[in-house]
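The structure under discussion appears below in the form of structure tokens.
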Amino acid sequence: QEERERLSRVLAAEARAPRRDWQGAFEWDARVAQLLGAVFGLPSFRPLQREVINATLQGRDVLCLMPSGGGKSLCYQLPALLGGTGLTLVVSPLLSLIQDQVLGLEELGVHAAALTSLTDKDAASAISKQVEDALAGLRLLYCTPEKVVNSKRFFAKLEKVYKQGRLERIAIDEAHCCSQWGNDFRPDYKKLGILKQQFPDTPILALTATATQTVCDDVQSILRIDGCEFFRSSINRPNLFYEMKPKPASGADLVKDIAGFVSGNYPDGESGIVYVLTRKDAETLAEELRGLGISCAAYHADLDAAVRESVHRRWSQGRLQVICATIAFGMGINNPHVRFVVHHTISKSIDNYYQESGRAGRDGLPAHCRLYWRFGDYMRQASVVVMDSNWEPHLRGMLQYAAASGCRRAALCRHFGEAPPPCHQTCDCCKRVAGGAAGGAAAAAAGGRQQQQHQQQQQLKDVTEAAKGVVQTLQAWPGAEKRATLIQLVDKWRKESAAAKALSRDENEAVVQQLAADGYLKLDFGFSAYATNAYLKASAQASLLLQGKRQVFIPAQAAGGSAGSEAHKPEEGAVERFKAQQQAQRGQQQQQAAGTASGAGPAP
Ligand code: ADP
Ligand code: MG
Ligand code: ZN
């Protein structure tokens, strides 16, 4: 009996203990440290790199989740140099990513090669020979998933290497492409489970920056690495400033606002991206910004490859400041010095927004992410994504993010299942709250504290009565379908309802937006040969509202009309504040890097 109890205690302790302390000492430590400095020229590891490297060297399957720029490539590039004559296979979704990496490795003196659709016949047969030849010194072989899944000859080659005992590791980069729940689904990635099936003794290292739990679970089961070690660093990007800005109703005002932001904050031509919804938007905006003296070009899928390539190159080299791009400008953008990403329109999901905005500041220095938001864009985006699978919950998530007031950073982290980190006033909300409190205290010492508390609580305005009018207007809409565009709806509602007219037009839109976010309105689509139009329609839930069983609130701040007009004004002092903040942060970073303790904080 005693022995049994002792054993069960031991087992319980064992189960609680980590499988292995990946930060601990390993026999390869010295060699790994040497390669890091001598080959890659890096002084130290970034968070989790060492742990991931230890786990994969130990032969575990690993799923590694790190934000963009976190340094995922090193996690398979370095281990590839440790073995004797073994080969690391790297599966990567994009030819440009593959080319960049192979060139980069060759520059470091590491022998790497790629077999893709671009490899010509002679080169391919030379590489094939090296793959089989243990003495050729080839360490990393890059390929696309298509190659693995569709080329029998290529797969037979891998089997041969495996039988030789030389298929040391398989890295699957951008592993979220496996999952339909991710934002870059590739059908060929879904078939990559064949690798574990055929090469059970080769450890797999899957890497991605996309962080939802659903995608992670999916990736593990598709790649057949269910028991894998799971490493996840925080998705929080402390060097990014997140800002949401009400989008001016007039296109001309918006262009002026963007041009002012760019030329005011980045007079030295620092690089940035403006994401737009459609190819036409990209062309139009690029032209208008050029008219205002901004160096920029459009980038979208309709341009031919040579033009896209040239735009990308000029921008990477700093000869072009801004790219006005659709999401075609995506994976494979490796410029680490992007100082700002502006969203002219909301993204199709929070995952997409995180990834697109995350292209800013990959060098770790402060960078700015600005999102222009207006409810009409929810409908525009809907009409673009309506054919995607699962677009509705994704886009609604984006709507809720955009419509919320509160810390942007916290909202992003919560979306990915992380506890909200401290924001340190690096989003517009937290900054406004802090700024308001300080200003209030200075203006009136007595009212200061009250104002602060006021501002921290979200002020809401009850618009239930007005909101009922929106539903009634729709339910009485002429025609069988009882649906309207946003503009039609607001026009008619204002004509018919005194409660609507008592509000500003911005407030009217805020009410409609809240009704959609709360599910009382739903989207409906009309398809013509040339376009897809999105309409609003009352949902079944709307009856609860009419029966007086539900209430609707909008943020008082958005309702004041002040937020709406703020966007029309040039940003007084914003530029100086931003520069000062950037300088202070840079100073802090340098001090931290130099290891000196800073006694005096940055000037307020
Ligand atoms: P990811 O694939 O996670 O987006 P990359 O592997 O492309 O990131 O690396 C991003 C940048 O970080 C590269 O310029 C790389 O050289 C750099 N980097 C990687 N590891 C380190 C490190 N330990 N120290 C400094 N820089 C690093
Ligand atoms: Mg990468
Ligand atoms: Zn914040």
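Numbers 36 to 639, taken from the numbering used here, label the letters of the sequence shown in order.
Note that CB positions come from ideal geometry on N, CA and C, so glycine has one too.
DSSP puts residue 296 in a beta bridge; with which residues?
None, per the DSSP bridge assignment.
Which term fits residue 64, buried or exposed, when burial requires 16 or more other beta carbons within 10 angstroms of its beta carbon?
exposed
Could you tell me the boundaries of the alpha helix (DSSP H) in which residue 545 lies?
540-552
So, residue 270 versus residue 401, is the Cβ gap smaller than 7 Å?
no
I need the DSSP call for residue 234, collapsed to helix, strand or coil.
coil
Between which two residues does the alpha helix (DSSP H) holding residue 402 run?
Residue 402 -> not in any alpha helix (DSSP H); beta strand (DSSP E) instead, spanning 402-408.
So, residue 254 versus residue 216, is the Cβ gap smaller than 7 Å?
no
Looking at the structure shown, is residue 251 part of a helix, part of a strand, or coil, going by DSSP?
helix
Decide if residue 513 is buried, meaning its Cβ has at least 16 other Cβ atoms within 10 Å, or exposed.
exposed
Using the Cβ count rule (16 or more neighbours within 10 Å means buried), how would you classify residue 137?
buried
Can you find a heavy atom of ligand 2 that lies under 6 Å from the Cβ of residue 527?
no
Would you identify the three-state DSSP class for residue 370, choosing helix, strand or coil?
coil
From 114, 57, 96, 87, residue whose alpha carbon lies closest to that of residue 66:
114
Mapping the DSSP letters down to three states, classify residue 604 as helix, strand or coil.
Because the pLDDT at residue 604 is just 30, under 50, the model does not fix this residue reliably, and the point stays unresolved.
Verify whether the separation of the beta carbon atoms of residue 384 and residue 391 is less than 7 Å.
no
Can you give the Cα-Cα distance for residue 655 and residue 147, rounded to whole angstroms?
Beyond the ends of the chain as shown, which are 36 and 639, falls residue 655; an answer cannot be given.
Compute the minimum distance between the beta carbon of residue 80 and the heavy atoms of ligand 1, and state whether it is under 6 Å.
yes
Give a yes or no on whether the C-beta atoms belonging to residue 448 and residue 465 are separated by under 7 Å.
no
For residue 535 versus residue 561, is the C-beta spacing smaller than 7 Å?
no
So which of 74, 445, 141, 208 has the shortest CA-CA distance to residue 108?
208
Put residue 491 into one of helix, strand or coil per three-state DSSP.
Unreliable placement is indicated for residue 491, whose pLDDT of 44 sits below 50; no coordinate value is reported for it.
Could you name the residues of the same chain whose beta carbon sits closer than 8 Å to that of residue 128, not counting the 5 residues immediately before and after it, in chain order?
179, 180, 208, 209, 212, 219, 221, 224, 366
In whole angstroms, what separates the C-alpha of residue 372 from that of residue 537?
48 Å
For residue 584, three-class secondary structure by DSSP:
coil
Proximity winner among 494, 143, 577, relative to residue 76 (alpha-carbon distances)
143
Between the region 116-128 and the region 293-310, are three or more C-beta pairs nearer than 8 Å?
no
Other residues of its chain near residue 237: CB distance less than 6 Å, five sequence neighbours each side excluded:
202, 205
Residue span of the alpha helix (DSSP H) that contains residue 189, given as start and end:
187-198
If I'm right that residue 568 touches residue 418 with Cβ under 8 Å, what's the distance once you round it to whole angstroms?
6 Å
Stretch-stretch touch, CB-based, cutoff 8 Å, three pairs: the region 305-321 with the region 346-359
yes
Please return the same chain residues whose Cβ sits closer than 8 Å to the Cβ of residue 432, not counting the five positions on each side in sequence.
384, 385, 450
Nearest-angstrom beta carbon gap, residue 545 and residue 589 [assumed within contact, 8 Å]:
5 Å
Counting only the same chain and skipping the five closest in sequence on each side, list residues whose C-beta sits under 8 Å from that of residue 591.
494, 495, 496
Which of the three DSSP states is assigned to residue 457 in this structure?
coil
By a C-beta neighbour count over all protein chains shown, 10 Å radius and 16 as the cutoff for buried, is residue 161 buried or exposed?
exposed
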